[in-house]
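Numbering-wise (the numbering used here), the sequence shown opens with residue 1 and increments by one.
The C-beta atom is built at its ideal place from N, Cα and C for all residues, glycine as well.
Note that the coordinates shown come from a computational prediction; the quantities given were computed from them, not determined experimentally.
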Amino acid sequence: MTFDVEIVLRARDHAITERIEQAGEPGEWTETDVAAILREILLAIDRAQNPGAAERYVALRGFSWIVEPATGGVVIAIEIPSGAAVAGPFDIAQPALDRMISLALASASPKTVVH
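Pasting the structure below:
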């Protein structure tokens, strides 16, 4: 599927829209797919802030997120210190996407290591 990400960077008064491709339809997604989508949204913010820069590693931490109802489904809204993005809409139930995002973020969290 294809979806839009609208990005507003801090100290800017206009949005930038980027189109992203994701395999499969929202009803078929797994937490791995959702983690990939979150990374793509964060990379889109980075591309808006640093056009022409090489793609960087993305960690799934340090950002706020919410899944909100919208025309045509739900959207994922993300806020980081450099700006915010809204992606979607996605044709999936809000609780299901909330759960998959929570699982994706939990599995991406650093594990405690005892030596």
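* Neighbour-count burial assignment, ALA106, 16 or more Cβ in a 10 Å radius -> exposed
* Asked: Roughly how many angstroms lie between the CA atoms of ARG56 and ALA23, to the nearest whole one?
  -> 21 Å
* Name the DSSP beta bridge partners of THR17, please? -> GLU6
* Could you pull the start and end residues of the beta strand (DSSP E) that VAL67 belongs to? => 64-70
* Could you give the DSSP three-state label for PRO81: helix, strand or coil? => coil
* Using the C-alpha atoms, what's the distance from ALA53 back to GLY27? -> 34 Å
* Identify, in the order they occur along the chain, each residue of the same chain with its Cβ nearer than 7 Å to the Cβ of ASP46, setting aside the five sequence neighbours on each side. => ARG56
* **Nearest candidate by alpha-carbon position, reference ILE138, set VAL58, PRO69, ALA96** => Nothing can be reported for residue 138: it is not among the residues displayed for the chain, which extend from 1 to 115.
* Asked: Roughly how many angstroms lie between the CA atoms of THR2 and ILE20, to the nearest whole one?
  -> 6 Å
* Asked: ILE76 to VAL5, Cα distance in whole Å?
  -> 9 Å
* DSSP three-state assignment for VAL75, whether helix, strand or coil -> strand
* To do: Can you tell me the Cβ-Cβ gap for ALA124 and PRO89, rounded? I've got them flagged as a contact below 8 Å.
  => This structure cannot speak to residue 124, because the chain is shown only from 1 to 115.
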